[in-house]
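Have a look at the structure below, then the notes.
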Amino acid sequence: MSEKEDTELQRMEGLRLSNEESNRITRSSIEAALVLLMKDQAFEDITITGIVKRAGVSRTAYYRNYNSKEDILQSTMKEIVDKIVAAMNLHHPIRNSYDYWLALFHTLEQHIDCLQIILKVNMADTILSEMQDAQLIRSKDVSLLTNYAAYFWSGAIYSVAASWIRSGAKQSAAEMAMLCYKIIEAVNGDC
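Position one of the sequence shown corresponds to residue 116 (this note's numbering), numbered consecutively onward.
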């Protein structure tokens, strides 16, 4: 390959990365705009015009990235759940129970405003569904036991987390981790 061709390939790669970064920023702006609008308006009353105006993007940019408001919410939830699962995957839920729960609650704290809004507008099923999907994907084994264990864990995690978020997250992440650790220890002691 000639030096000119190498330079052209580098330029094209730079443009591709620049476009990816631009799309990421656009998506992030749209997601943030929807969350901010949901603080003041009912989800049903929010318009695409309102979202793009608040995000500072064009309708074309909006429709290049999303088909509906629900798509934005789904994308936002998937991103949060992916971060939660990644943090929790660093620890074993039984052997490192405290660290497992601490990772969960620290990650929830980082997204508390968005999660409170999503729970407030009754989109909790989205959270639970994403958590279940993440638990099922995590498992390589597709046995009946593994399947129901994934639903069990995601339901338990969701219930505890949602209750904590709805009550205003008054306890610290460390306090909640210790509480959940004690629950797991009590269950293990009874087995």
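All residues carry an ideal CB built from backbone N, CA and C; glycine is no exception.
- Message: Please report the distance separating the alpha-carbon of D214 from that of R174.
- Response: Cα to Cα, the separation comes out at about 43 angstroms.
- Do you know whose CA, among M246, Q156 and E224, lies nearest K235's CA? Taking only the C-alpha atoms, the option nearest K235 is Q156.
- Query: Taking all protein chains shown into account, do 16 or more other C-beta atoms lie within 10 angstroms of the C-beta of F267, making it buried, or fewer, making it exposed?
  - Reply: So F267 ends up on the exposed side.
- Within 9 angstroms, strictly: CB atoms of L149 and T191: Contact flag set, yes.
- Message: Between the alpha carbons of S144 and I227, how many angstroms are there, rounded?
- Response: Rounded to the nearest angstrom, the two C-alpha atoms are 18 angstroms apart.
- Query: Given A249, which residues of its chain have a CB within under 6 angstroms of its CB, disregarding the five upstream and five downstream residues?
  - Reply: Here the set comprises V196 and V200.
- Can you grab the Cα-Cα spacing for the pair T241 / Q189, in whole Å? Rounded to whole angstroms, T241 to Q189 spans 7 angstroms at the Cα level.
- Item | Outcome for T78 when other beta-carbon atoms lying within 10 angstroms are tallied against a minimum of 16 | Here the chain comprises residues numbered 116 to 306, so residue 78 is not present and cannot be evaluated.
- Item | Complete alpha helix (DSSP H) runs within the segment 169–243 (minimum length 4 residues, chain order) | Scanning the segment 169–243 from its first residue to its last, the whole alpha helix (DSSP H) runs of 4-plus residues come out as 174–180, 184–203, 212–225 and 227–235.
- CA-to-CA distance, L223 to A284, given in whole angstroms: C-alpha separation (whole angstroms): 9 angstroms.
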